[in-house]
Amino acid sequence: MQSTPQKWLITGANGNLGRRLTACLMAAGHRVVAVVRSESARESLMGLDPRGPSDLFQVQIANYDDAAQLADVADDCDRVIHLVGILKASSRASYTDAHERSCERLLQALVRTQVRHVTYVSILGSTPTSGNPCLASKGRAEKILADGQIPCCTLRVPMVVGEGDYASAMLQKRAHNPRNFAFRASSLEQPIYAGDVVSAICAAASQKLEGGFDLAGPESLTRAALYERAATVVGRETKVISLPVGLGLALAFVLEKTVTEPPITRAMLEVLDHDDDVDTTAIAERLEITPLTTVDEMLRLILPG
Ligand SMILES: NC(=O)c1ccc[n+]([C@@H]2O[C@H](COP(=O)([O-])OP(=O)(O)OC[C@H]3O[C@@H](n4cnc5c(N)ncnc54)[C@H](OP(=O)(O)O)[C@@H]3O)[C@@H](O)[C@H]2O)c1
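Going by the numbering used here, 108 is the number at position 121 of the sequence shown; the sequence numbering is gapless.
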């Protein structure tokens, strides 16, 4: 990535995409203010720059519900990448707080700063009118940013796959299982490589792109095919057995009613069940991230042989 060095504020910087983006920006000589919400998250980021905190790299703890704190940490930044988000709501974290409220507070903060552009990462399928609570919340958050005074670009992405992340751990496990059970194995996945998402974020911010865009990988395939391809990459075979998604939703319903912190929820399962099949040629070209990493390439990158 080559461009004039800028000062970037990254929220949710300790997450999968945040860590990757932070490392990429620092390698390109940019100044980064990484925002996290706990001391343990701050410590987890320290190793990203062996020289430790400096004028080039700061890790700031802030409460995403406190506009004054956010304004302080964003003070002399040029652009913001907002990566706060959740797939599963819990008793401690609601979709509203993580998505809409964090966007509202961010906007309140940024009008007091010199920040001139925000890039937000949302989920493919998000829209305020969605029947799914997660996708609807993300859709409302997108609208809050779009209606704000700071130019904003939202990239709506599907399953992101990168080295060492949750999706790659899942695919690694699936690849080695001789048999895999999957809810609605015919549902469509369009995974995108994490490195491509980071490049897209950097390009959207550098171009000060405005609007909402769907950005996905170059191939849409069934969940069953994805697991089979992962198995092939590690030199194995797997048989995928499809289960009705209604069964998963019923199980999630029971868990929601009986367990304080259910491991799966109906909202989360519905997001994962979303059929992802969009043509992203135009936006990929506009962001100059073509050719996108193919499914087989990304599987080879994330799965040890
Ligand atoms: N990875 C994907 O497959 C994918 C797909 C579509 C969209 N996205 C979106 O891309 C963004 C970044 O994804 P990621 O994979 O890097 O996510 P991630 O690894 O789960 O990191 C999420 C970040 O958000 C913070 N966060 C979570 N709940 C919060 C809450 N209630 N209030 C404030 N902060 C909260 C986390 O902080 P703590 O560590 O302190 O909890 C963490 O810094 C998210 O908005 C996500 O929705 C990701």
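Just so you know, even glycine gets a beta-carbon here, dropped at the ideal spot from N, CA and C.
Beta-bridge partners of residue i, as assigned by DSSP
i	result
Leu142	Val108 and Phe200
Leu208	Glu176
Val147	Ile179
Gln45	Val20
Ile228	Phe168
Arg66	Trp(-5) and His104
Same chain only: Cβ atoms within 8 Å of residue i, ignoring 5 sequence neighbours per side
i	result
Glu176	Pro145, Met146, Ser207, Leu208, Thr209, Arg210, Leu213 and Asp263
Ile188	Leu4, Leu8, Ile68, Thr106, Val108 and Leu142
Arg92	Tyr51, Asp52, Asp53, Ala54 and Leu57
Asp36	Met13, Leu43 and Phe44
Ala282	Note that residue 282 is Val in the sequence shown here, rather than Ala. Pro178, Gly204, Pro205, Glu206, Leu208, Leu213 and Arg216, listed in sequence order.
Tyr153	Asn3
Leu242	Pro249, Pro250, Ile251 and Thr252
Thr63	Position check: residue 63 holds Asp in this sequence, whereas Thr was assumed. Excluding positions up to five away in sequence, the list reads Lys(-6), Thr100 and Gln101.
Own chain, CB closer than 7 Å to residue i, minus 5 neighbours either side, in chain order
i	result
Phe240	Arg253
Glu215	Thr225 and Val227
Thr277	Ala271
Leu274	Ala187, Ala190 and Ala191
Arg29	Val23, Val46 and Ile48
Beta-carbon proximity of residue i to residue j, cut-off 9 Å
i	j	result
Phe168	Ile251	no
Arg143	Leu230	no
Val19	Val60	no
Ile(-3)	Glu26	no
Thr9	Leu43	no
Met285	Val148	yes
Ser174	Val102	no
Leu74	Gly2	no
Ser117	Ile289	no
Ala0	Val46	yes
Asn119	Glu248	no
Pro(-8)	Ala15	yes
Val220	Arg287	yes
His17	Leu111	no
Thr280	Ile179	yes
Arg66	Lys160	no
Gly199	Cys140	yes
Residues near residue i by beta carbon distance below 6 Å, same chain, minus five either side
i	result
Lys226	Arg166
Ala218	Ala162, Glu224 and Thr225
His86	Ser124, Lys125 and Ala128
Ser89	Tyr51 and Val71
Cys121	Tyr82, Ala254 and Val258
Cys11	Val185
Leu196	Cys140
Using a Cβ distance threshold of 8 Å, determine whether the stretch 107 to 115 contacts the stretch 126 to 144, with at least three qualifying pairs required.
yes
Is the number of C-beta pairs between the stretch 230 to 238 and the stretch 176 to 190 that are closer than 8 Å three or more?
No contact exists between the stretch 230 to 238 and the stretch 176 to 190.
Check whether the stretch 88 to 98 touches the stretch 52 to 72, taking contact to mean three or more Cβ pairs, one atom from each stretch, closer than 8 Å.
At 8 Å Cβ cutoff, the stretches touch.
The stretch 78 to 85 touching the stretch 116 to 126, judged by at least three CB pairs closer than 8 Å:
yes
Cβ contact check for the stretch 191 to 203 and the stretch 266 to 277: 3 or more pairs under 8 Å:
The stretch 191 to 203 is in contact with the stretch 266 to 277.
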